[in-house]
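Input: a single structure, listed below in structure tokens.
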Amino acid sequence: MSIQGSIDKAVDRALEIGCNTLQIFTRNPRGWIARPLRETEVNDFIEKVRASDIRPVYGHMPYLPNLASPRDDIYMKSIDTLIIELERCKKLGIP
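In this text, residue positions in the sequence shown follow the numbering used here: the first is 42, and each later residue adds one.
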């Protein structure tokens, strides 16, 4: 589901089309750099999920990381991206 505009809007969009589960990218899936999550959007996302019947909610790993890459630079970026993504999911209450 699109997070364009703010990550909490994914919940609104899911509800509009009658979803009962949700998977999102917490960031741009085609880039290495992720903008920080704003406190307001984190709080709004958590509150909207709580108030909805949408369960479960999942985070999708960005496309670029490759933990099996033979290139050291890609491997290290992949590890860093995985750690950052897990931290973002924790903030959002996504398992």
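We put the beta carbon where it would ideally sit given N, CA and C, even for glycine.
Remember, predicted model here, so these are calculated numbers, not experimental data.
Measuring only the C-alpha atoms, how far is residue 55 from residue 61?
8 angstroms
Judging by CA-CA distance, which residue of 59, 131, 130 and 128 is the nearest neighbour of residue 93?
The shortest C-alpha separation from residue 93 is found at 59.
So who's on the other strand from residue 100, going by DSSP bridges?
65
Work out the CA separation of residue 122 and residue 128 for me, nearest whole Å.
10 angstroms
Can you give me the C-alpha to C-alpha distance between residue 66 and residue 96, rounded to a whole angstrom?
Between the alpha carbons of residue 66 and residue 96 lies a gap of roughly 16 angstroms.
Quick check: the segment 76–84 against the segment 109–117, are there 3 or more CB pairs under 8 angstroms?
Contact fails: fewer than three Cβ-Cβ distances are below 8 angstroms.
Can you tell which of 107, 119 and 101 has the C-alpha that lies nearest to the C-alpha of residue 135?
101
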